[in-house]
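Colleague: The listed protein sequences correspond, in order, to chains A, B, C and D. Sequential numbering from 156 applies to the first sequence in my numbering. Sequential numbering from 156 applies to the second sequence in my numbering. Sequential numbering from 156 applies to the third sequence in my numbering. Sequential numbering from 156 applies to the fourth sequence in my numbering. For glycine and all other residues, C-beta sits at the position ideal for the given N, C-alpha and C.
Protein chains: 4
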Amino acid sequence: MVPRYTRPAMAAIWAPENRYRIWFEIEALACEAMAQYGAVPAEAAKVVREKGDAAMAAFSQADLDRIDEIEAETRHDVIAFLTWLAEKIGPESRFVHLGMTSSDVLDTCLSVQLVQATDMLLADLDAVLDALKRRAFEHKYTLTIGRSHAIHAEPTSFGLKLAGHYAEFARNRERLVRARAEIATCAISGAVGTYAHVDPRVEEFVAARLGLEPEGVSTQVIPRDRHAAYFCALAVIASGIERLAVEVRHLQRSEVREAEEFFHPGQKGSSAMPHKRNPVLSENLTGLARLVRAHVIPALENVALWHERDISHSSVERNICPDGTIGLDFALARLAGMMDKLVIYPDRMIANLESLGGVVHSGEVLLALARAGILREDAYRIVQRNAMATWTMLGKPGGRSFRENLEADPEVAGRVPASVLDAAMNSDSHLGALDHSYTRVFGEAGPGRAG
Amino acid sequence: MVPRYTRPAMAAIWAPENRYRIWFEIEALACEAMAQYGAVPAEAAKVVREKGDAAMAAFSQADLDRIDEIEAETRHDVIAFLTWLAEKIGPESRFVHLGMTSSDVLDTCLSVQLVQATDMLLADLDAVLDALKRRAFEHKYTLTIGRSHAIHAEPTSFGLKLAGHYAEFARNRERLVRARAEIATCAISGAVGTYAHVDPRVEEFVAARLGLEPEGVSTQVIPRDRHAAYFCALAVIASGIERLAVEVRHLQRSEVREAEEFFHPGQKGSSAMPHKRNPVLSENLTGLARLVRAHVIPALENVALWHERDISHSSVERNICPDGTIGLDFALARLAGMMDKLVIYPDRMIANLESLGGVVHSGEVLLALARAGILREDAYRIVQRNAMATWTMLGKPGGRSFRENLEADPEVAGRVPASVLDAAMNSDSHLGALDHSYTRVFGEAGPGRAG
Amino acid sequence: MVPRYTRPAMAAIWAPENRYRIWFEIEALACEAMAQYGAVPAEAAKVVREKGDAAMAAFSQADLDRIDEIEAETRHDVIAFLTWLAEKIGPESRFVHLGMTSSDVLDTCLSVQLVQATDMLLADLDAVLDALKRRAFEHKYTLTIGRSHAIHAEPTSFGLKLAGHYAEFARNRERLVRARAEIATCAISGAVGTYAHVDPRVEEFVAARLGLEPEGVSTQVIPRDRHAAYFCALAVIASGIERLAVEVRHLQRSEVREAEEFFHPGQKGSSAMPHKRNPVLSENLTGLARLVRAHVIPALENVALWHERDISHSSVERNICPDGTIGLDFALARLAGMMDKLVIYPDRMIANLESLGGVVHSGEVLLALARAGILREDAYRIVQRNAMATWTMLGKPGGRSFRENLEADPEVAGRVPASVLDAAMNSDSHLGALDHSYTRVFGEAGPGRAG
Amino acid sequence: MVPRYTRPAMAAIWAPENRYRIWFEIEALACEAMAQYGAVPAEAAKVVREKGDAAMAAFSQADLDRIDEIEAETRHDVIAFLTWLAEKIGPESRFVHLGMTSSDVLDTCLSVQLVQATDMLLADLDAVLDALKRRAFEHKYTLTIGRSHAIHAEPTSFGLKLAGHYAEFARNRERLVRARAEIATCAISGAVGTYAHVDPRVEEFVAARLGLEPEGVSTQVIPRDRHAAYFCALAVIASGIERLAVEVRHLQRSEVREAEEFFHPGQKGSSAMPHKRNPVLSENLTGLARLVRAHVIPALENVALWHERDISHSSVERNICPDGTIGLDFALARLAGMMDKLVIYPDRMIANLESLGGVVHSGEVLLALARAGILREDAYRIVQRNAMATWTMLGKPGGRSFRENLEADPEVAGRVPASVLDAAMNSDSHLGALDHSYTRVFGEAGPGRAG
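#1: Could you please give the first and the last residue of the uninterrupted beta strand (DSSP E) stretch that includes C/S510?
#2: Closest by CA to C/R221, which one among C/H462, C/T238, C/E519 and C/E410?
#3: May I ask which residues mark the beginning and end of the alpha helix (DSSP H) holding D/T311?
#4: Can D/D484 and D/R290 be called in contact, C-beta distance under 9 Å?
#5: May I ask you to list, following chain order, the residues of the segment 380 to 401 of chain A that have a beta carbon less than 7 Å from some beta carbon of chain B?
#6: For A/D652, which of A/L487, A/S582 and A/A605 has the nearest alpha-carbon?
#7: Quick one: is D/Q407 buried, meaning 16 or more other Cβ sit within 10 Å of its Cβ, or exposed?
#8: Which residues bound the beta strand (DSSP E) around D/L219?
#9: Do C/P434 and C/V403 have their C-beta atoms within less than 9 Å of each other?
#10: Could you confirm whether any beta carbon from chain D is found closer than 9 Å to the beta carbon of B/A608?
#11: Taking just the CA atoms, how far does B/S425 sit from C/S257?
#12: Exposed or buried, which one is C/A217 when buried takes at least 16 other CB atoms within 10 Å?
#13: Classify A/A400 as helix, strand or coil using the three-state DSSP reduction.
#14: Going by alpha carbons, who is nearest to C/A210 out of C/V571, C/A241 and C/A194?
#15: So if DSSP puts B/C387 in a beta bridge, which residue, or which two residues, is it bridged to?
#16: Grab me the residues of B/C186's own chain with a C-beta within less than 8 Å of its C-beta, minus the 5 sequence neighbours each way, in chain order.
#17: Taking DSSP as the reference, what is the three-state secondary structure of A/E415?
#18: Helix, strand or coil for B/E358, going by three-state DSSP, please let me know.
#19: Helix, strand or coil: which one does DSSP assign to A/T256?
#20: Taking B/L436 as the reference, give the member of B/R489, B/S373, B/P420 and B/E329 with the closest Cα.
#21: I want to know whether the segment 460 to 470 of chain B touches the segment 373 to 386 of chain B - three or more CB-CB distances under 8 Å.
#22: Among residues of its own chain, excluding the 5 on either side of A/Y101, which ones have a beta-carbon nearer than 6 Å to its beta-carbon?
#23: Run through the segment 279 to 351 of chain A for me and flag every whole alpha helix (DSSP H) of 4 or more residues, listed as ranges in chain order.
#24: Looking at C-alpha atoms only, which residue of C/C476, C/P310 and C/R536 is the closest neighbour of C/D262?
#25: Would you kindly report the start and end of the unbroken alpha helix (DSSP H) that includes A/M543?
#26: Skipping 5 residues on each side, what residues in its chain have a beta carbon closer than 8 Å to that of B/R162?
#27: Which of helix, strand or coil does DSSP assign to A/V498?
#28: Take D/I537 and list the residues in its own chain whose beta-carbon comes closer than 8 Å to its own, dropping the five residues that flank it on each side.
#29: A/H450: which of A/P429, A/M504, A/G348 and A/L389 sits nearest, CA to CA?
#30: Please confirm whether D/G371 and C/A322 have their CB atoms less than 9 Å apart.
#31: Based on DSSP bridge pairs, tell me the residues matched to C/E368.
#32: Does the distance from the CB of B/G301 to the CB of A/T340 come in under 9 Å?
#33: Nearest by alpha-carbon distance to A/L298: which of A/A383, A/A305, A/P310 and A/K288 is it?
#34: Contact defined as beta carbons within less than 8 Å: I believe A/E438 pairs with C/H304. What is the distance between those atoms, to the nearest angstrom?
#35: Leaving out the 5 sequence neighbours to the left and right, which residues in its chain are closer than 8 Å to B/M493 when beta-carbon positions are compared?
Here it is in structure tokens:
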């Protein structure tokens, strides 16, 4: 992920320093476990831990360079690290990595990194949820037009729209919690997963210390269906970001103008057109969603490794693990800020709601006619006819409102009292179930409508 | 999905008859609920139920044609169905669909169909799990070579390999159970989800009768992150099928010949080469996996519907819902049968395991040298040297086994007793943790090794 | 592809009858070629052709059933067909398929089918191009607002917008012509492509008769990079359909109302809301684009077949070849019709263009200030200030037009003459290069602006 | 793309320095063109060019920092650059970017960068083609077994296998040349593509100087179907890389051992198993192919920008443009080196070819029986029976070769002379058409077979 979309805390998880730190921790823990179960002298494990901790505490660019230098010869990253570590630890290093295979270290480390990244993403999601909840309660009774097919449908509440997005992000949070469990496993099972040279209790020991579960059966690696499921969760979350971003983009368009991203003092929207204030944050989120989403394909292709493993997944994961978590972290943080500061125009919402002459109440009128005993088919025809007449003449001389057209219709006049038509034209009927919905979503209805 | 990969029971779920049956059930239940909560006369609901049930019981091609005929005019499928239903029910039809929107019916119906399909897929997964478990216990102690990078690594058990696939399919089963919950929701909330014309209790009533959960907040539709998550689960399962299929394809290749798909009497492998017996089932599964997997992309693109919904998801779902479930149903059934009848050649496994002159025990030898006090770096050099010498001369005059080469090596001779080398060359050491792994995966270790 | 999105002519290409017809043609041509180059008696080739032609002419459901019956035993489709053919031809059938492999027939047949399908798609594209060109000339001088970020930018011509889509579809046509060449190859090269049992001149003979090129080097199959490139072309075309569909959806939205899909008499937009006229065609096209686009992934995954071939591509192609071409054929035909009948509202375009009080001319004003000697940075600040003031007060008491605000600005007043501001506010300046652009795209500028 | 898979020359194309250099060049050329066509004083254009050239020549980290600083306020990258440039140029800077929009600079710059990157990729492809051609001629007559379904089929030549990959990469080269033309366009057409404030001749002038074509009709941006087609080409190439990589992985597997990646002195294959030499380069290429391939999805999703543009494509392209070209550059260079140094074992190829007792000649025997007057169906049955008998007893006591089994078959004995069976068993018949195929692919057959 390019620096422009990278936040330092998430990037640090994927930096070499963090990786080497975790590698050492795994090796040291395994050594301690082996000491406990007999394969390694307790004293040696102590030396490994102490000298290793010291080396990691003093870890610097020089160490990175030295490891790279060794890897240039051995062409094997874990061996390069172990060789460097041996230089720091001395003879006791022969008890390091005993009976283990590189993937024991690599895959368990990846689990730790993904767990660290996921915890950060969960916090990001919480910030999004907080912003959405706050704005949903703020606008619980803000009337706005609901749209299907981008055509005015029936009134709704802007808060309810946000509540829908909140509910989606709450589901996304649950998905991410499950995805975290998917990848929070530890494998220390040797070259092909038989524990031939390492006691299974070592795996259990290391897993417990790292907050992971021991993998049920590993081959040489932790099975990649776990990582595929993880990236699927990120992709679903990214798509939820896109849905909300697209909503904001629509609301800000010049003809709608119901909401607007906060425009900073000094900000410039266009080099050529000084009047521009563009929804660039939500457009940016739309693009970031595409990036994160595309990772599902290589992640799924990584599942079918050959036999007990091939290494084709590695180059994929070296990219999509940082790119996916960094990209999503940036996007969620941006989304939370954007929703927090979103400028909302309730007056524009009312203006738009009323702009079609009242035809948005056609559904209620249809029911009223049905209640008055008119057959559904006939009622539909009558209402459609008057709605189309209203629509066609919108803003033109001689144009009449939907209400006026209905009253003038001989099939309506006399059969439906004016009070019924009045009631049908009242948008407030669409706010009646808000407490029901809010309670379902937030667990509370919130304060009632201001007098 | 083309007929070649379609099983009738799954196809029936997606047939128009089943859809209309579910549509009617939703309408009838909603009508009964409204009768209970006041909006509809109880007598009318009874008529709707009775005449409707009779019409559905007598449903024939003529009804399909009639509905198509109406849709050709109205260009709206739900209205076409309701019009047909009105013809069957008479005046009481005016109480049908009261205050509801088409999507209330369409989306709830899709939930029912997906639940039906998922229950079938869960049964398919159980058949795969059964076959894998049976074969895993059958071959618990069948020695075979573990391979990383398709290069012989260390011995393992063929049963353990199958146990790994079992564990993956058990995870896939859990994922599918969760995916089922994702899409098992019901929405009867009106045009934009405000319950303006329909009591929320109607939704709860219908949901309960259909075995669904009421949707937290719907817009006009059930939110599509649910369906995206569902197709992600199918894609992960498909990738697990591919992993096992690729394993079988490798095992059957002419140079390996450790396993073979059952070849039917009368079957012909090639029009030009009568000697051919090809792993066509597993290759077919590989292709089917690609198809099912590709559905994640449009399913994810479906999430960001505009405002309270647009209908772009519909054409996607009309295809991927049947194609995905039919394809996966076919693939899982084929996989279960293939694994059930897979012909396994333990003698070839032994032959391959031994074909590299014993170098596959290099890891154990490395440890033995380390235990004998040789520094890891030196031990690695010694073992690598002798392994490469063995490998290079494989099958050539003057070639020696790894064991022979080690004994002749001055750095080894005298430092490592023959009994230690013997022990290092014994593949059985890789079977020691089988009980541990089997218990983790299957909950039982199974019977011990036959004498 | 479900029947709802299937047109019969394209479906017929993928029907078994057409496949068997092409298979026979390939076998008969190969037989005739072998007769010419010595391997087959001329008399036998004549019998094969005559009896085979008769059998294909009389081909019926009974023949389909018989072939299926044989395949149920042999589990090989080409052998089943050849066996059926032998029943029709008699002893001379021993000269059929001589030295050939099934893939020679299968892959060459697929090429023929894809060429047939592509020619249909090219005709579809021509219909789209025709409709776009007609409407582009019709609306060459129809002023409308250009939008970037969905925010009003500067005026443009609606015809120019369509010209841009025309140019994209013209590129798509070129891409499809190239894609057709990609897959128009013939392979008759035997089991692994060595021509061991078949003269290369047979391949050249059959290719020439079928309008194909002989494949450079085939393995057992025609290499799948060709098919991958083909599906990439379909995906790019699908994305172009989506771009135009999204444009129409935007133009039809209730707040914009600049264009509208034709609404049929009798059509119903919603079961609940009789006032609805939804852009369902363009939304449907958006979904179909997602479907066609998703095929690129399995098509690309099909490239890396093992060694001289594996059959994993087959199940993929049995689905995506019909689905992709049928789906795109339907979508292009729908698009052509939709654009042909699109209802366009020039008065709404003008109303929208003018709805922001003239700030859409801020770019021209910026240039005018620069020309008047004001530094770019200062000019930008001045114009931005007045544009924002206009925008903020839009439709509110005390709100002034951009022109009025500028005139009242002390930094503008006296430095820029009114006539310059007048000129800057004239949308016609954006029509000046239309002849240039039209000539580039269509090869002709078309008639000048009506009086 | 992580540094591990990044080559400096390709990375430099995407560095900010190169971008700013190109931005300036576009602005300077546009200024010169405007001077020529009247809008800008010639003297001013000269000042812009001279002071700008000087600023770019002295460009340093301080300049990068300054631009970032301005962007932090304006939140607009092009404005930030122009402001920096104005600081360097002084008052004449008011003639820079006159009547242009940011995208004129951004999109034309992207075209230049993609062209630069593509030229590098073309050179990479040439290196792959060179290596493949050299090895194909080297091994023109190296017999090896052709495999379909990974089952031995019929003999072929290893050179011919490579010729097939050469042909695919030659097609890929053509595709990349066309893809280069797709994205080699220039747009200087103003805010929404109407040339309202800029003469179309400016576009033509700049395009010609930069080696680009003027875009037919641009909106605010160059249409993204071009970039989608470009990434499709990269994806097809990546899939070709994967096909060859998978071939090498198969050939190196322990049971096949027909080829091997060069193993460096000092290289270590595994931390736990010193005997390992793994095909890590080809596995790495497989993973890189997945990464590059996945870019097609966001690239295709970028096509349907809203109206005259939205900026959702930007974050996608900021990542996939460098990642795709850097990843493919690295992969192609790695592939060329790998194929160049690939260790090939002709003796293992012969050993494998002969390992199935001669059944790989079943096709030729089938033809011989047919020529001897046996009906195809009967001949197939006879040959299949003897091939299966041979196969089943391979390496077992009493096992006989295919030839022996045939001679002992009463249906064969006496009907087919021994000389015919001898000829059928001769692999050289599969080399007869090599000159034909090589001439098609390489334009030359190369030297004849060494005596």
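Modeller: This is what the structure gives:
#1: Neither: C/S510 is in no beta strand (DSSP E) and is coded neither H nor E.
#2: C/T238
#3: Per DSSP, D/T311 belongs to no alpha helix (DSSP H); it is in the beta strand (DSSP E), I306 to S312.
#4: no
#5: Residues passing the 7 Å Cβ filter: D380, A383, A384, C387, A390, V391, S394, G395, E397, R398 and V401.
#6: In the structure as shown, chain A starts at 156 and stops at 606, and residue 652 of chain A therefore has no counterpart that could be examined.
#7: buried
#8: Unbroken run through D/L219 is the alpha helix (DSSP H), Q216 to T229; no beta strand (DSSP E).
#9: yes
#10: It is not possible to answer for residue 608 of chain B, since the shown part of chain B is limited to 156 through 606.
#11: 7 Å
#12: exposed
#13: Of the three classes helix, strand and coil, the one that applies to A/A400 here is helix, per DSSP.
#14: C/A241
#15: The partner list for B/C387 (beta bridge, DSSP) is empty, contrary to what the question assumes.
#16: V195, A199, A200, V203, R204, F250, V251 and L253
#17: strand
#18: helix
#19: coil
#20: B/R489
#21: yes
#22: No statement about residue 101 of chain A is possible, as the shown extent of chain A runs from 156 to 606 and does not include it.
#23: DSSP runs (the alpha helix (DSSP H)) wholly in the segment 279 to 351 of chain A: 313 to 338.
#24: When each option's Cα is compared against that of C/D262, the closest is C/C476.
#25: Looking at the DSSP string, the run of the alpha helix (DSSP H) that includes A/M543 is R531 to T547.
#26: I481, D484, F485 and A488
#27: strand
#28: L524, I529, D564, E566 and V567
#29: A/L389
#30: yes
#31: Its beta-bridge partners are C/T340.
#32: no
#33: A/P310
#34: 6 Å
#35: V403, E416, F417, L436, S437 and L440
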